[in-house]
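Asker: Take the numbering used here: the final residue in the sequence shown is number 484, and no numbers are missing along the way.
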Amino acid sequence: MYPDLHLYIAGEWRRARTDMAVLNPATEEEIGRLPRAEIDDLDDALEAAEKGFRLWRRTSPRERADTILRAAAIMRERGEEIARAITLEHGKPLAQARAEVIRGAEFFEWDAGEAMRTYGRIIPAADGNKIAVHHQPAGVVAAFSPWNFPMSQPARKVAGALASGCSIILKAAEETPAGAIHIARAFEAAGLPPGVLNLVFGDPAEISSHLIPAEPVRLVAFTGSTAVGRHLTTLASENMTPVLMELGGHAPVIVCEDTDVEAAAIAGAVRKMRNAGQVCTSPTRFFVHESIFDRFADAFTERAAATVVGDGTQQGTEMGPLANERRVPMLTGLIEDAVSHGADLRTGGKRRGDRGYFLEPTVLANVPDAARIMQEEPFGPVAVLNPVPSLDAAIEAANAVPFGLAGYAFTNRADHIDRMIDEVEVGNLSINTLEASLPETPFGGVKSSGYGREGGTEGLERYMTVKNVWHSAR
Ligand code: NAD
11 MYPDLHLYIA GEWRRARTDM AVLNPATEEE IGRLPRAEID DLDDALEAAE
61 KGFRLWRRTS PRERADTILR AAAIMRERGE EIARAITLEH GKPLAQARAE
111 VIRGAEFFEW DAGEAMRTYG RIIPAADGNK IAVHHQPAGV VAAFSPWNFP
161 MSQPARKVAG ALASGCSIIL KAAEETPAGA IHIARAFEAA GLPPGVLNLV
211 FGDPAEISSH LIPAEPVRLV AFTGSTAVGR HLTTLASENM TPVLMELGGH
261 APVIVCEDTD VEAAAIAGAV RKMRNAGQVC TSPTRFFVHE SIFDRFADAF
311 TERAAATVVG DGTQQGTEMG PLANERRVPM LTGLIEDAVS HGADLRTGGK
361 RRGDRGYFLE PTVLANVPDA ARIMQEEPFG PVAVLNPVPS LDAAIEAANA
411 VPFGLAGYAF TNRADHIDRM IDEVEVGNLS INTLEASLPE TPFGGVKSSG
461 YGREGGTEGL ERYMTVKNVW HSAR
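What follows is the structure, encoded as structure tokens:
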């Protein structure tokens, strides 16, 4: 069920001199060995991607779309196999892995269609000439995808690049390589020319420091932590290479007094525990009007504590383990720090069992601003519930972090919604829903949450450059 793991360079699957273990985070057992790319492999990938770009950029948008749609159809056909591999390497419940595969296929399908409508525009100039604005593929993309969504995260980047006519070298996450391997397999079966998509794994720092300054690379696309994003942006700035950065978040949820309290609390608790909280848009800091706080906190805690935690392959599991071992001390440290600052631990707080990287669903209430968790993204199944006296106080608290990715609110008051649209500092604001992004909508952050957008027309534009053509006919 778990695929053989290789590098994919110039249309060929290859091994390397050294490899590393891939573990199942629910059992800590080894499920595969992943080759570690060396500098020669990276140079081959650069050469292949350069050749691939020359070919792919001249392939018509419709033909590109046909190939991408064929690959997406293959991913859907192989959906069950891909989902099972994702659950084995990542730990998430099978139902969530299945939904991720469909989501990944949708990214390809939407970008394939939209890229056929890259029209440019004609500008009638003052002197009577006609000036044309062309959108052209940027070139070779160096992309880095994280482990929290092993298939849909690489899908976003590969979809944007290939639909726009770019070639790509993707370094997917070493902890969760199977999603990206399945994407490459699907494109191989769909007839993508060699070199257009290349896949490498290895030492992330070595790979990024070799690929990013390389001459053919014209865009760096990264999803991961703000610290690494900052480092890669610095590397890219040496050549003035543009970057697309999807970084951390610390999403606020403003719960107003007019809302259906229990429904919002239950929706919040369920969403918080999805993917074990390892989602950059995960709702984390709940600012609840003080008049409804106790009811909200009771309902939220009850639902969070009832979350069925276990191996993602088992039927009924709602939350799997954390994706890797280092997340466990990182999260228990944040929780202990909050409690030592006087936070009220409503439920959870500890590692569960002695096999697998399981953490109890955790709810902290009345957390003082001085606690680290009020500034640091937990990226795990931990929620903060704090009462606020007014919408002013809620908006101020929502904005009091360096991040600005997703934000949520529960209210039906038009005046409240109006103010939040104007004042909450995020790239994605969702009212009465905890969904934050779709293939057709631009997704990304402000402040330290990143730069640029993925998805929607805005996302495809990142993979293209603008050429203004002034053709004087007289
Ligand atoms: P990390 O900062 O060590 O790594 C984050 C990601 O960057 C990983 O995929 C890693 O392989 C990659 N990476 C690390 N160093 C790199 C380098 N020099 N060059 C290229 N890639 C490099 O953190 P982590 O422990 O893996 O993840 C935890 C943090 O990462 C979270 O707190 C969260 O903020 C962030 N994260 C965000 C997302 C997201 O969707 N925005 C996804 C995963 C992780």
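A virtual CB, placed ideally from N, CA and C, is assigned to each residue, including glycine.
Which of the three DSSP states, helix, strand or coil, is assigned to GLY138?
Answerer: Here DSSP, grouped into helix, strand and coil, assigns GLY138 to coil.
Asker: Please check the pair GLY366 and PRO399, which I expect to be a contact at CB under 8 Å, by giving their CB distance rounded to whole angstroms.
Answerer: That pair is no contact at about 42 Å.
Asker: Could you pull the start and end residues of the alpha helix (DSSP H) that VAL349 belongs to?
Answerer: From DSSP, the alpha helix (DSSP H) with VAL349 extends over 337-350.
Asker: Can you tell me whether ILE19 is helix, strand or coil according to DSSP?
Answerer: strand
Asker: Three Cβ pairs or more, each shorter than 8 Å: is that satisfied between the stretch 455-469 and the stretch 250-269?
Answerer: These segments touch.
Asker: Answer yes if the stretch 183-192 comes into contact with the stretch 126-136, meaning at least three C-beta pairs across the two stretches below 8 Å, and no otherwise.
Answerer: no
Asker: So what does DSSP say about ILE179, is it helix, strand or coil?
Answerer: Note: ILE179 maps to strand in three-state DSSP.
Asker: When the Cβ atoms of the stretch 237-249 are set against those of the stretch 62-79, are three or more pairs found closer than 8 Å?
Answerer: no
Asker: Using alpha carbons as the reference points, say which of LEU180, ASP268, SER458 lies closest to VAL298.
Answerer: ASP268
Asker: Comparing the C-beta of PHE310 with each C-beta of chain C, is any distance below 7 Å?
Answerer: Chain labels in this structure do not include chain C; a single protein chain is all it has.
Asker: Taking buried to mean at least 16 other C-beta atoms within 10 Å of its own C-beta, is ILE264 buried or exposed?
Answerer: buried
Asker: Please state whether DSSP places MET384 in a helix, a strand or coil.
Answerer: helix
Asker: From ARG356, GLU445, ALA194, pick the residue whose C-alpha is nearest to that of VAL210; which is it?
Answerer: ALA194
Asker: Out of curiosity, what's the CA-to-CA distance linking PRO397 and VAL168?
Answerer: If you take the alpha carbons of PRO397 and VAL168, they lie about 42 Å apart.
Asker: Measuring only the C-alpha atoms, how far is ALA58 from VAL151?
Answerer: 12 Å
Asker: Given the structure, does SER235 come close to the ligand NAD, in the sense that its CB is under 6 Å from one of the ligand's heavy atoms?
Answerer: yes
Asker: Looking only at DSSP bridge pairs, what is SER482 linked to?
Answerer: Bridge partners of SER482: none, in fact.
Asker: Assuming THR291 and LEU448 are in contact, meaning their beta carbons sit under 8 Å apart, how far apart are those beta carbons, in whole angstroms?
Answerer: The Cβ separation is near 12 Å, so there is no contact.
Asker: Tell me whether MET11 sits in a helix, a strand or coil according to DSSP, three-state version.
Answerer: MET11 falls in the coil class under three-state DSSP.
Asker: Considering just the uninterrupted stretch of the beta strand (DSSP E) at TYR255, what are its terminal residues?
Answerer: Position check: residue 255 holds Met in this sequence, whereas Tyr was assumed. Taken as a continuous stretch (DSSP letters only), the beta strand (DSSP E) holding MET255 covers 253-256.
Asker: Taking the CB atoms as reference points, tell me whether PRO156 and GLY101 lie closer together than 7 Å.
Answerer: no
Asker: What are the partner residues of HIS145, as DSSP defines its beta bridges?
Answerer: For HIS145, DSSP records a beta bridge to VAL476.
Asker: Return the CA-CA distance between HIS426 and ALA419, expressed in angstroms with no decimal places.
Answerer: 9 Å
Asker: Could you pull out every residue in the same chain whose Cβ sits closer than 6 Å to the Cβ of VAL392, ignoring the five residues on either side in sequence?
Answerer: THR372
Asker: What are the start and end residues of the beta strand (DSSP E) that includes VAL289?
Answerer: Element bounds for VAL289: n/a, residue is neither H nor E.
Asker: In three-state DSSP terms, what is THR243?
Answerer: helix
Asker: Tell me whether SER247 counts as near the ligand NAD, meaning its Cβ is closer than 6 Å to at least one heavy atom of that ligand.
Answerer: no
Asker: Please confirm whether any heavy atom of the ligand NAD lies closer than 6 Å to the CB of SER218.
Answerer: yes
Asker: Enumerated in chain order, which unbroken segments of the beta strand (DSSP E) with a length of 3 residues or greater are wholly contained in the stretch 159-214?
Answerer: 177-181, 207-210
Asker: Would the C-beta of GLY114 count as close to the ligand NAD, meaning under 6 Å from any of its heavy atoms?
Answerer: Outside the cutoff, so no.
Asker: I'd like to know whether the C-beta atoms of ALA8 and GLY417 end up nearer to each other than 7 Å.
Answerer: Residue 8 is absent from the structure shown; the chain starts at 11 and stops at 484.
Asker: For the ligand NAD, any of its heavy atoms closer than 6 Å to the Cβ of VAL338?
Answerer: no
Asker: Within 10 Å of its beta-carbon, does ASP432 have 16 or more other beta-carbons around it, so buried, or fewer, so exposed?
Answerer: exposed
Asker: Where does the unbroken alpha helix (DSSP H) through MET518 begin, and where does it stop?
Answerer: Residue coverage of the chain in this structure runs from 11 to 484, which leaves residue 518 outside it and unanswerable.
Asker: Assign ASN478 to one of two classes, buried (16 or more other C-beta atoms within 10 Å of its C-beta) or exposed (fewer than that).
Answerer: exposed
Asker: Does the distance from the CB of ALA153 to the CB of LEU180 come in under 7 Å?
Answerer: yes
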